[in-house]
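Taking numbering that gives the first Met the number 0, the leading residue of the sequence shown gets 0, the next gets one more, and so forth.
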Amino acid sequence: MNKTVTYKVDLNKPVLEQKARLEALDKRPDSEIDFSDIPELDEIRFWKNAVHFTKIQPTK
0 MNKTVTYKVD LNKPVLEQKA RLEALDKRPD SEIDFSDIPE LDEIRFWKNA
50 VHFTKIQPTK
């Protein structure tokens, strides 16, 4: 017997543990962030991987 369980998540109210981690990250200066494992994205690769939205409907 399978039962579907659903939860409502309010992304504007993070749980206490998550809020503490986010606040700790917010206090760290940008100079402490290690970007060495992220490949550099040059102008050509950026536009090659860009997504073009051709089927956007205007809102009424």
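Every residue, glycine too, gets a C-beta built ideally from N, C-alpha and C.
Simplified DSSP assignment, three categories, for residue i
| i | result |
| --- | --- |
| isoleucine 43 | helix |
| arginine 20 | helix |
| lysine 7 | coil |
| aspartate 25 | helix |
| serine 35 | coil |
Residue j beta carbon less than 8 Å from that of residue i
| i | j | result |
| --- | --- | --- |
| proline 13 | leucine 21 | yes |
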